[in-house]
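Trainee: Residue numbers 1 to 273, in my numbering, belong to the letters of the sequence shown in order.
All C-beta atoms in this analysis are idealised placements derived from N, C-alpha and C, irrespective of residue type, glycine included.
Computed from a predicted model, the values in this text were never measured in an experiment.
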Amino acid sequence: MSISTPGGPERRPTVVSTGKKPAAGRPAAADKPAGGKAGAGKGTARPTGGKGRKPVTPVKVSQGRAWGPIALFVAVGVLAVGIIGVGAWAVYQGSQPWQKRADAINGIVDFRKKDKNLVKGGNHQPGTIKYDVSPPVAGPHNQAWQNCMGDVYDAPIANEHAVHSLEHGTVWITYRPDLPADQVAKLKAKVQGKEKLMLSPYEGLDKPISLQAWGFQLKVDNADDGRIDEFIKTLRVNASIEGPTALCDQGVTATGTTPRDNLQNNMPEQPTQ
1 MSISTPGGPE RRPTVVSTGK KPAAGRPAAA DKPAGGKAGA GKGTARPTGG KGRKPVTPVK
61 VSQGRAWGPI ALFVAVGVLA VGIIGVGAWA VYQGSQPWQK RADAINGIVD FRKKDKNLVK
121 GGNHQPGTIK YDVSPPVAGP HNQAWQNCMG DVYDAPIANE HAVHSLEHGT VWITYRPDLP
181 ADQVAKLKAK VQGKEKLMLS PYEGLDKPIS LQAWGFQLKV DNADDGRIDE FIKTLRVNAS
241 IEGPTALCDQ GVTATGTTPR DNLQNNMPEQ PTQ
């Protein structure tokens with residue numbers, strides 16, 4: 001006799017009774033799925049003991065934040081912002097008119113504001129001239145200028161020639177004759193071979209070093225002062241009232257505080273042949 005169950009989601013295969021009983025002590029053979037082989041589905045886990053064991057929920061271990069990389073990222077960001085800020089400030093400063101940049105140099109004296117008549121220029125006078133500012137920064141001067149092609153003079157030069165060089169856009173650096181040799185060497189390195197710069201010792205300075213441009217002066221205590229470079233960068237050529245093409249070569253190269261025309265006038269008359 002065959003027994004079948006109605007079709008459905010849990011349909012069982014048809015069982016055919018043979019009329020034979022299983023041998024004593026031997027379990028009945030397990031039903032085989034239709035069209036399958038013995039052992040099919042081997043390895044499939046089956047629950048034992050009636051009910052399956054509940055899966056173990058994994059324990060989450062809470063870890064602290066990695067502060068090292070975060071701190072490094074923040075530090076790099078701050079450094080980048082700082083670099084950009086400094087660059088932007090430098091660009092802004094460089095775009096300012098040179099007069100404003102000059103006024104921003106700490107300790108600078110702007111005689112263009114104090115005495116406009118002093119800085120008119122073009123006033124050539126022969127002989128010795130008395131100056132109210134020492135070293136002089138502007139005013140009447142000799143027709144000949146001091147050579148200012150990065151010349152380094154080892155003795156004082158004539159004010160009258162030096163002032164004419166200032167009118168051409170030169171920065172004239174002066175120092176006390178007793179300034180230590182290493183300090184003088186640093187000043188020489190800033191000047192030597194650079195057009196519209198010149199260096200010379202100067203008697204009677206009230207500060208170890210004094211810088212002059214046409215209408216400007218700055219006095220400092222040592223050659224390491226960063227304002228020296230700022231003064232040169234801002235005022236060299238810019239301070240000229242005769243334009244950037246005013247000559248610095250073909251000038252007086254001799255030292256001595258007496259103007260050249262005075263020396264020529266005081267020379268004894270040569271006998272005629």
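Give the straight-line distance between the Cα atoms of GLY139 and TYR175, rounded to the nearest whole angstrom.
Mentor: Cα-Cα distance, rounded: 21 angstroms.
Trainee: For ARG227 and ILE241, what's the separation of their Cα atoms in angstroms?
Mentor: Their backbone Cα atoms lie some 23 angstroms apart in a straight line.
Trainee: In this structure, how does DSSP classify ILE241 when only helix, strand and coil are distinguished?
Mentor: Coil.
Trainee: According to the Cβ coordinates, are GLY169 and ALA246 closer than 7 angstroms?
Mentor: Yes; because the gap between Cβ atoms is below 7 angstroms, this pair is in contact.
Trainee: Which residue comes first and which comes last in the alpha helix (DSSP H) that contains LEU166?
Mentor: That run of the alpha helix (DSSP H) goes 159-167.
Trainee: Output the boundary residues of the beta strand (DSSP E) element that contains TRP172.
Mentor: Note, TRP172: beta strand (DSSP E), 171-175.
Trainee: For the beta strand (DSSP E) holding ALA102, just list the boundary residues, first then last.
Mentor: Here ALA102 belongs to no beta strand (DSSP E); instead the alpha helix (DSSP H) covers 98-103.
Trainee: Is the beta carbon of GLY150 closer than 7 angstroms to that of LYS194?
Mentor: Yes.
Trainee: On the DSSP letters alone, give me the boundaries of the beta strand (DSSP E) that VAL220 sits inside.
Mentor: 216-220 is the span of the beta strand (DSSP E), which, as asked, contains VAL220.
Trainee: For GLY215, is the classification buried or exposed, using 16 other Cβ atoms within 10 angstroms of its Cβ as the cut-off for buried?
Mentor: With 16 or more Cβ atoms within 10 Å of its Cβ, GLY215 is classed as buried.
Trainee: With DSSP as the reference, label ASP151 as helix, strand or coil.
Mentor: DSSP places ASP151 in strand when its eight states are reduced to three.
Trainee: Which residues mark the beginning and the end of the beta strand (DSSP E) in which GLN212 is found?
Mentor: That run of the beta strand (DSSP E) goes 209-213.
Trainee: How would you label PRO177, buried or exposed, when you count the other beta carbons within 10 angstroms and need 16 or more for buried?
Mentor: Exposed: under 16 other Cβ atoms inside 10 Å.
Trainee: Tell me the residue span of the beta strand (DSSP E) that contains LEU197.
Mentor: Taken as a continuous stretch (DSSP letters only), the beta strand (DSSP E) holding LEU197 covers 197-201.
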